[in-house]
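Colleague: Residue numbers (my numbering): 8 to 326.
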Ligand code: DGY
C-alpha cells in the first residue's frame, strides 16, 4: 500500500477510488493548504494529487523524498508544476486533458456573448436600482454573425470554441504551433495564420494556448494596438498570457471595445485598472467548474496516480 497525498478538496468519488488501494491523506480545509503544511504532509508520499493552486517545485519534490513516483495535477494546465524538476528525479507528471474541453469552451463562448452583448453591464445596471427603459440605442452591442473569431492555440479547447463560433455564423482563423486535422479545418472552414494577421483580421480574439515562458505576455501593448478598434479579447487559458496593465489601458483608451476574462495574472487578485472598467467581463476562473467536469478531472487524476503506483504508464502523462 502506498501513501497518496491530495493537496485540496476533490470530489469524493476520486478519493474513494484512491482509498480502495492506498492510504490517502487528503487536505479537507475550507481554504487552500498553506505551503508549510503542504511541505510537511508530502514527506514520505508516493503520489501527490495536486490542485493548480499549489506550486509543485523542486523544494516540494525534495520535501516529499526519493520514493515519490507521480504528481497528478487535477487540471489540464500544468504551469504550477516544475516538469523538468520532476523528470530529473524520475517522477511522472500527469494532467487531465480532454475531460474539460467542452466546459471550458462553453465559458469562452459565454464570455464572448457577455462581452459583445454587454450582459454584465445590463445586469449591473438592473441591480444598481437605477432607472432604465428600452431604447433604440440603449446598451447596443455587436453581432457575431459574419464576424471573424481568431483562436490562439488550436488544441482541443480552441477547436471546441471554434465549433461553437461556427454554429453562430462566425468565420475562423487560428494560430497554432501545428496544423490541425485537415478534416476538422475543412469542417470549420478554419485558416491557419500568423499571430500578426490573426490580430489584424479578428473581431474576437480568444486565447487557448498553454502558459509558459514562450507565451508570457503574448498579448501586450503592441498586440492590443494591432487589433481592430472594434475587437474583443477573451482569455480562458492562463492570466499571464495577457499583460493586464496593458489590457486595462487599451480598454480605457478605446483601443479595443471589450474583453472577457476567466483567468488573471496574479490570481485571485485582479488588476485594479480592470475593476474600474465597464467594458470587461470578469469571472473567477470558472472554465471547468461544472459538477460533471470536476468529477471527471478528479477521476482522471486518480487514474493517473493509480497507474503509476501499479508500475504502468498513466493515461495522461506530461513527461
Ligand atoms: C485547467 O484545468 O487548467 C483549468 O484552468 C482548471 O479550470
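The beta-carbon is built from N, C-alpha and C at its ideal position, and this holds for glycine as well.
In the structure shown, what three-state DSSP assignment does residue 32 receive?
Modeller: Residue mapping note: residue 32 aligns to position 25 of the chain shown, counting from 1. In the structure shown, residue 32 sits in a strand (DSSP, three-state: E or B).
Colleague: Measuring from each Cβ to the nearest heavy atom of the ligand DGY, keep the ones under 5 Å and list them in chain order.
Modeller: 82, 83, 84, 294, 295
Colleague: Near residue 307, which residues of its chain fall below 7 Å by C-beta distance, leaving aside the five closest residues on each side in sequence?
Modeller: Within the chain shown, numbered from 1, the residue matching residue 307 stands at position 300. Closer than 7 Å at Cβ, skipping near neighbours: 103, 106, 322, 323.
Colleague: Just checking my contact of residue 22 with residue 31 at CB under 8 Å: how many whole Å lie between their CB atoms?
Modeller: Translated into positions along the chain shown, residue 22 becomes position 15. Translated into positions along the chain shown, residue 31 becomes position 24. Right, their Cβ atoms sit about 6 Å apart.
Colleague: Terminal residues of the continuous alpha helix (DSSP H) containing residue 57?
Modeller: Position 50 of the chain shown, counting from 1, holds the residue named residue 57. Not the alpha helix (DSSP H): residue 57 falls in the beta strand (DSSP E), residues 54-57.
Colleague: Can you tell me the Cα-Cα spacing of residue 95 and residue 258, whole angstroms?
Modeller: If you number the chain shown from 1, residue 95 lands on position 88. If you number the chain shown from 1, residue 258 lands on position 251. Residue 95 and residue 258: Cα-Cα distance of roughly 43 Å.
Colleague: Would you say the stretch 305-320 touches the stretch 112-129, given that touching needs at least three Cβ pairs under 8 Å?
Modeller: no
Colleague: Can you list, in chain order, the residues of its chain with a C-beta nearer than 8 Å to that of residue 46? Leave out the 5 residues immediately preceding and following it.
Modeller: In the chain shown, counting from the first residue as 1, residue 46 sits at position 39. Same-chain partners within the cutoff: 66, 67, 70.
Colleague: Identify whether residue 226 lies in helix, strand or coil by the three-state DSSP scheme.
Modeller: Along the chain shown, one-based indexing puts residue 226 at 219. Here residue 226 sits in strand by DSSP.
Colleague: So, are the CB atoms of residue 338 and residue 111 less than 9 Å apart?
Modeller: Here the chain has residues from 8 to 326 only, and residue 338 is not among them.
Colleague: On the DSSP bridge assignment, give the partners of residue 100 in chain order.
Modeller: On the chain shown, position 93 is the one that residue 100 refers to. Bridge partners of residue 100: 78.
Colleague: Quick one: what's residue 324 bridged to in DSSP?
Modeller: For the purposes of this step, residue 324 is taken as residue 317 along the chain shown, with counting starting at 1. Residue 324 pairs with 101.
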